[in-house]
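In the working numbering, the protein residues as written are 218 to 465. A virtual CB, placed ideally from N, CA and C, is assigned to each residue, including glycine. Remember, it's a predicted structure, so these values are computed and weren't measured experimentally.
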């Protein structure tokens, strides 16, 4: 699958705590990862780096392709729980890292089929010419309020606790991620991003940029540019993947 990766420090931060990468291992499988180190915690960059490095080590050790989505999910579940344990234990033994954590989206790509493992408020979207669909559900305080009918989505956008995460990687001894399985049709896209992007661009604008007639890399750069134009208060990262087009 064709892809582009962008990560930017933004306009207000002094450190980029985001990590974004697309990996291809020796048996030809792909894994896309976005991890947003917790800005309100110590050593968010350590947590996000440990998350990506832990997944990469496990992914590169795979010796043959997985034949089923069940096998993909089992590997993701085993890996994220081990990575969570590693980050959590590291924080307990390093005073400067106490309380650190990170969001995580790991998308296991097999052809046009994608298995997504999700923790936190980084997001995954599927985009086609006609629509954009948010795949992941934010693990955030305001999202709970929205889902229980206590506030509207518009009110959530300006809520003073909109950045409060209720689930993250490495902050608790155990973790239960969410999983999503999607199939990308020809001419469709998968967008994975940190909240530095999704907090700045509405879904309609994300869709407009991705559907622009330009290169994949130019689309990624334009998403970052606009997030910075609208304030850039946070680190901004995105991975944009394009489904393989049908042979004519």
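Give the list of continuous beta strand (DSSP E) stretches no shorter than 3 residues that lie fully inside the stretch 373 to 460.
395 to 400, 406 to 410, 453 to 459
Mark residue 229 as exposed unless 16 or more other C-beta atoms lie within 10 angstroms of its C-beta, in which case mark it buried.
As a first step, residue 229 must be located in the chain shown, where it is residue number 12. Exposed: under 16 other Cβ atoms inside 10 Å.
Tell me whether the stretch 383 to 394 and the stretch 293 to 308 touch, counting them as touching only if at least three CB pairs, one residue from each stretch, are closer than 8 Å.
yes
Per DSSP, residue 236 is paired with what?
Reading the chain shown from its first residue, position 19 is the one you call residue 236. Its beta-bridge partners are 252.
Looking at the secondary structure, which residues open and close the alpha helix (DSSP H) in which residue 340 lies?
Here the question's residue 340 lines up with position 123 in the chain shown. Residue 340 -> not in any alpha helix (DSSP H); beta strand (DSSP E) instead, spanning 340 to 344.
Could you tell me if the beta carbon of residue 271 falls within a distance shorter than 7 Å of some heavy atom in the ligand GDP?
Ligands in the displayed structure: none, and consequently the ligand GDP is not present.
Excluding the five sequence neighbours on either side, which residues of its own chain have a C-beta within less than 8 Å of the C-beta of residue 451, listed in chain order?
Residue 451 sits at position 234 when you count from the first residue of the chain shown. So the list reads 227, 229, 230, 256, 411, 412, 413, 416, once near-sequence residues are dropped.
Quick one: using the 10 Å Cβ neighbour count with 16 as the cut-off for buried, is residue 471 buried or exposed?
As displayed, the chain neither begins before 218 nor continues past 465, which places residue 471 out of reach and without an answer.
Unbroken beta strand (DSSP E) runs of length 3 or more, entirely within the stretch 286 to 314: which are they?
none
So what does DSSP say about residue 353, is it helix, strand or coil?
For the purposes of this step, residue 353 is taken as the residue at position 136 of the chain shown. Note: residue 353 maps to coil in three-state DSSP.
Helix, strand or coil for residue 222? Go by DSSP, reduced to three states.
Position 5 of the chain shown holds residue 222. Strand.
Under 8 Å between C-beta atoms, does residue 456 make it to chain B?
No chain B is present in this structure, which holds just one protein chain.
For residue 334 and residue 247, what's the separation of their Cα atoms in angstroms?
Stepping through the chain shown from its first residue, residue 334 is reached at position 117. Stepping through the chain shown from its first residue, residue 247 is reached at position 30. Residue 334 and residue 247: Cα-Cα distance of roughly 14 Å.
For the structure I just gave you, are there three or more beta carbon pairs, one from the stretch 371 to 381 and one from the stretch 389 to 397, closer than 8 Å?
no
Is the number of C-beta pairs between the stretch 315 to 335 and the stretch 263 to 281 that are closer than 8 Å three or more?
yes
Is the beta carbon of residue 323 less than 8 Å from the beta carbon of residue 293?
Working through the chain shown from its first residue, we reach residue 323 at position 106. Working through the chain shown from its first residue, we reach residue 293 at position 76. Contact: yes.
Take every Cβ of the stretch 401 to 408, pair it with every Cβ of the stretch 354 to 365, and state whether three or more of those distances are shorter than 8 Å.
no
Residue 446 to residue 250, Cα distance in whole Å?
Here the question's residue 446 lines up with position 229 in the chain shown. Here the question's residue 250 lines up with position 33 in the chain shown. Taking the straight line joining both Cα atoms gives about 25 Å.
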